[in-house]
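Novice: Numbering (this note's numbering), first residue to last: 24 to 643. My questions will all concern the structure given below.
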Amino acid sequence: MRLVATFALAALIAGAAAPALAQGAPDTAVTGSKQFEMKELTNGLEGPWEITWGPDDWLWVTERVGGKITRVNPADGTKQVAIDIEEVSAPGGQDGLLGMALDPGLLKDTGNDYVYAAYTYVDKSLPKHDWVKDPFSPYANLFAKIVRLSYDKASGTLSDPQVIIAGMPGQNDHNSGRLKFGPDGKLYYTIGDGGKGQLGNWCIPIEAQRLPTADELSAKNWVAYQGKSLRLNLDGSIPDDNPEIGGVKSHVFTYGHRNMQGIDFGPDGTLYASEQGPKTDDEVNVLVGGDNYGWPHVVGFKDDKAYQMARWDLATTPCAQLTFSDITIDPSVPVEDETSWPDQQHDPLATLFTVPSDWDFTDPACGGIDFICWPTVATSSMQAYFPKAGEGIPGWENSLLVTTLKRGSIYRVPLSADRKSAAGPIERYFQSENRLRDMALSPDMKTMYVATDVSGLVGTMSGGAGTTLQNPGAILVYTYTGEGDGAAAATTSEAAPAAEETAAAATPAGAPASFTAEQAARGKTAYDANCVSCHGPDLISANYGPPLAGPYFEGKWVGQTVAALYTHVHDRMPPSRPGELGDETYADLVAYILSVNGLPAGDAELPAEVGKLEAMTIAK
């Protein structure tokens, strides 16, 4: 039985049949003509992830790594911490304190001065995840929950957390985590597929198509919620009018998703979403209760363009014996064309971006960080832009605004007058070397407040890949100033060095690095437990951190002292808890990195002493 939420029945059904706008390569987007003034409002935030304009006319921000909800004065950038949630656990790059939704009755004398927040936490009373093989991994007992917090206006603080739902899957990749209050009074929440079937999780099957069973629901086992959007009552129960899918009514609203980090409602109740694709086809969707959005069988449209589903977990050669690659699929791995999947999927409104199957996904401009140069832009949030007549930015009526992580830009997707289909071309604004995480609008809808990631990889203004962000952990303000020939761009920062340039500039000196095979093996164990989700299983197929092997590594580190690499790893990794693994473990990690880059093992272990490492040089 297929149902939709009653508040938007007509709107969502209309969205299901809407014609869609397929996009070509990234260069089909046009540079927007509106002019904006940009300034940095504040910085020093520990991974701002959600930013919302509050009824107190302050910005409310979640800090993913810091575990704080912070209020920011949009006039002068003053920050006030409303709560520090000590239970938050953020061992990697896609977990921690994520989504937040303000109760519509907040500060309106309704008695509902509540804020809802979603985050990952550790619960050792629950069974370990069966997909985490290392029992000591910080992800073995990582789960997600939604809590309700009470706000005290006098003190400006949040307290008294009440659990709405707990024990949802927490994962080392693709946690999604966007939380919205619907106009029907329900909570909407997104959960990603956990990054399964790729990178460090390539041997684990993707479960975005798996549906919960009645027995799992009775046991409050939410494992099947991976790759789904959820719809919940405010007490965490299942709404009576939720869709029945596969004969079971659960919290699941839609399914078949990869990593849906953006959702927002239009004024008629239509629920729009943005979702990250693999190498192509980030999607802009309308979510309809009960519908299947195709992942992992389909990305974008069923067009067989530049994508096949690879079942690494079903390889005839044991998966653990294979080396994962995003570019070349091993012959022993079963593959499936999009058009061979018989089920029906809900097509997107638009894709960012679609390319032919002969597209070259190994652009040398990115110096080995290939994924930055892929056609996808890493959509990170969605803002429905529907100002009242005569308000807002002229010409932007009926638009969807999408922030991106790889391009440092906001893309505007224009919609038709009935808001049910895309009416391109897509416009690009604010090219920068920042990872734009989320945005909020001022009440007059002429100013955008944009939160930036504190770290990560980004496309450079020159077209390559960069590791240095211009405004990390900041809130940027873009204020509309009028019309012009093109959108103003932020200043550029230094791009990642080309391998040959850096290698030529380096002057090797000192003794070669010394480590043992046993030490490198220990380093691999530590790497698999703490680093693989960001840097890839082969240290090259990175999706968040820079490659630690291959041309990029050679360009950056050959000729440098081992002390420089050790200090870099020790003081920065893991991002949420740098330096906490222990000095010897960091030495083991460096030994493993050096071994993967072809340096031979010897008889002496690499010491965990910077002074001794200063005398060693990384050589080819």
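Backbone N, C-alpha and C fix where the C-beta goes; we use that ideal spot for every residue, glycine too.
1. Under the DSSP definition of a beta bridge, which residues are partnered with I227?
2. Counting C-beta neighbours from all protein chains within 10 Å, is the total for F166 16 or more, i.e. buried, or is it exposed?
3. Cβ of G415 versus every heavy atom of the ligand GTP: is any distance shorter than 8 Å?
4. Just the Cα atoms here: how many angstroms apart are A631 and Y609?
5. Specify the secondary structure class of Q634 as computed by DSSP and reduced to three states.
6. Considering only residues of the same chain and omitting the five flanking positions on each side of N66, which have a CB-CB separation below 7 Å?
7. Just curious, the alpha helix (DSSP H) that I619 is in, first and last residue?
8. Going by other Cβ atoms of all chains shown within 10 Å of its Cβ, with 16 needed for buried, is D360 buried or exposed?
9. Check R430 in the structure and name its three-state DSSP category.
10. Classify W72 as helix, strand or coil using the three-state DSSP reduction.
11. Does the stretch 282-298 come close enough to the stretch 396-408 to have 3 or more Cβ pairs within less than 8 Å?
12. Nearest by alpha-carbon distance to D381: which of P371, A401, T351 and I392 is it?
13. Mind checking S273: buried by the 16 CB within 10 Å criterion, or exposed?
14. Considering just the uninterrupted stretch of the alpha helix (DSSP H) at D393, what are its terminal residues?
15. Quick check: the Cα distance between S465 and M471, rounded to an integer number of angstroms?
16. Quick check: R451 and G55, are their CB atoms within less than 9 Å of each other?
17. Quick one: Cα of A522 to Cα of C389, how far?
18. Rounded to whole angstroms, how far is the Cβ of P71 from the Cβ of R460, which I believe are closer than 8 Å?
19. If I'm right that Y211 touches R254 with Cβ under 8 Å, what's the distance once you round it to whole angstroms?
20. Starting from N553, trace the alpha helix (DSSP H) in both directions and tell me its first and last residue.
21. Within this structure, are the beta carbons of I214 and N198 separated by less than 9 Å?
22. Since I believe Y330 is in contact with D291 (beta carbons under 8 Å), could you give me their beta-carbon distance rounded to a whole number of angstroms?
23. Using DSSP's beta-bridge definition, name the partner residues of V378.
24. Using the beta-carbon count (16 or more within 10 Å), is L149 buried or exposed?
25. I believe Y501 touches G546 by the beta-carbon criterion, under 8 Å. Please report the beta-carbon distance rounded to the nearest angstrom.
26. Can you grab the Cα-Cα spacing for the pair Y550 / P262, in whole Å?
27. Which value, in whole angstroms, describes the spacing of the CA atoms of F538 and A624?
28. Determine the direct distance from the alpha carbon of G259 to that of P192, and round the result to whole angstroms.
29. Out of R435, C554 and L562, state which residue places its alpha-carbon closest to the alpha-carbon of H697.
30. From S182 to M484, what does the alpha carbon distance come to, in whole angstroms?
31. CB-CB under 6 Å to T340, same chain, minus the five flanking residues each way: which ones, in chain order?
32. What does DSSP give as the partner residue(s) for K272 in the beta ladder?
33. Helix, strand or coil for K643 per DSSP?
34. What are the start and end residues of the alpha helix (DSSP H) that includes P574?
35. Kindly indicate which three-state DSSP category Y589 falls into: helix, strand or coil?
36. Does P623 come out as helix, strand or coil in the three-state DSSP assignment?
Specialist: Taking the geometry as given:
1. On the sequence shown, position 204 is the one that residue 227 refers to. According to DSSP, I227 bridges with nothing at all.
2. Numbered from its first residue, the sequence shown carries residue 166 at position 143. Flag for F166 reads buried.
3. The ligand GTP is absent from the structure shown, which contains no ligand whatsoever.
4. The residue given as residue 631 occupies position 608 in the sequence shown. The residue given as residue 609 occupies position 586 in the sequence shown. Spanning the two alpha carbons is a distance of roughly 7 Å.
5. As a working note, residue 634 is residue 611 in the sequence shown. The sequence given here places Gly at residue 634; Gln does not occur at that position. G634: helix per DSSP, three-state reduction.
6. Numbered from 1 along the sequence shown, position 43 holds the residue referred to as residue 66. N494, G496 and A497.
7. The residue you call residue 619 lines up with position 596 of the sequence shown. In the sequence as displayed, the identity of residue 619 is Val instead of Ile. Per DSSP, V619 belongs to the alpha helix (DSSP H) from D606 to V619.
8. Within the sequence shown, the letter at position 337 stands for residue 360. The residue is exposed, with fewer than 16 neighbouring Cβ atoms inside 10 Å.
9. Start at 1 with the first residue of the sequence shown, and residue 430 comes out as number 407. Three-state result, R430: coil.
10. Indexing the sequence shown from 1 puts residue 72 at position 49. Correct three-state label for W72: strand.
11. yes
12. Residue mapping note: residue 381 aligns to position 358 of the sequence shown, counting from 1. The candidate whose alpha carbon is nearest that of D381 is T351.
13. For the purposes of this step, residue 273 is identified with residue 250 of the sequence shown, where counting begins at 1. So S273 ends up on the buried side.
14. For the purposes of this step, residue 393 is taken as the residue at position 370 of the sequence shown. For D393, the enclosing alpha helix (DSSP H) begins and ends at D393 to C396.
15. Numbered from 1 along the sequence shown, position 442 holds the residue referred to as residue 465. Numbered from 1 along the sequence shown, position 448 holds the residue referred to as residue 471. One C-alpha to the other measures close to 7 Å.
16. Against the sequence shown, residue 451 aligns to sequence position 428. Against the sequence shown, residue 55 aligns to sequence position 32. Going by C-beta atoms, R451 is nearer than 9 Å to G55.
17. Stepping through the sequence shown from its first residue, residue 522 is reached at position 499. Stepping through the sequence shown from its first residue, residue 389 is reached at position 366. Residue placement at A522 is poorly supported in this model, since its pLDDT is 38, which falls under 50; the coordinates still yield a value, given next. C-alpha separation (whole angstroms): 10 Å.
18. Sequence index remark: in the sequence shown, residue 71 carries index 48 (1-based). Sequence index remark: in the sequence shown, residue 460 carries index 437 (1-based). Rounded to whole angstroms, the Cβ separation of P71 and R460 is 6 Å, and the two are in contact under 8 Å.
19. On the sequence shown, position 188 is the one that residue 211 refers to. On the sequence shown, position 231 is the one that residue 254 refers to. With a Cβ gap of about 6 Å, Y211 and R254 count as contacting.
20. Numbered from 1 along the sequence shown, position 530 holds the residue referred to as residue 553. Residues A540 to N553.
21. If you number the sequence shown from 1, residue 214 lands on position 191. If you number the sequence shown from 1, residue 198 lands on position 175. Yes. Within cutoff.
22. Residue 291 sits at position 268 when you count from the first residue of the sequence shown. Residue 330 sits at position 307 when you count from the first residue of the sequence shown. Contact flag wrong, Cβ pair sits at about 33 Å.
23. What you label residue 378 is simply residue 355 of the sequence shown in a count that begins at 1. Answer by DSSP bridge pairing: none, since V378 is not bridged.
24. Here residue 149 is taken as the residue at index 126 of the sequence shown, counted from 1. Here L149 is exposed. Its C-beta has fewer than 16 other C-beta atoms within 10 Å.
25. Along the sequence shown, one-based indexing puts residue 501 at 478. Along the sequence shown, one-based indexing puts residue 546 at 523. The Cβ separation is near 44 Å, so there is no contact.
26. Residue 550 sits at position 527 when you count from the first residue of the sequence shown. Residue 262 sits at position 239 when you count from the first residue of the sequence shown. For Y550 and P262, the distance between alpha carbons rounds to 42 Å.
27. The count along the sequence shown starts at 1 and reaches residue 538 at position 515. The count along the sequence shown starts at 1 and reaches residue 624 at position 601. The straight-line gap from Cα to Cα measures roughly 5 Å.
28. Along the sequence shown, read from residue 1 onward, the residue named residue 192 stands at position 169. Along the sequence shown, read from residue 1 onward, the residue named residue 259 stands at position 236. Straight-line Cα distance between these residues: approximately 16 Å.
29. There is simply no residue 697 to check, as the chain begins at 24 and stops at 643 in what is shown.
30. Working through the sequence shown from its first residue, we reach residue 182 at position 159. Working through the sequence shown from its first residue, we reach residue 484 at position 461. Going by the C-alpha atoms only, they are around 43 Å apart.
31. Walking along the sequence shown from the start, residue 340 turns up at place 317. S355, listed in sequence order.
32. Here residue 272 refers to the residue found at position 249 when the sequence shown is read from its first residue. In DSSP, K272 forms a bridge with E267.
33. Mapped onto the sequence shown, residue 643 falls at position 620. Coil.
34. As a position in the sequence shown, residue 574 is number 551, starting the count at 1. That run of the alpha helix (DSSP H) goes G573 to W580.
35. As a position in the sequence shown, residue 589 is number 566, starting the count at 1. Helix, per DSSP.
36. Mapped onto the sequence shown, residue 623 falls at position 600. Coil at P623, not helix or strand.
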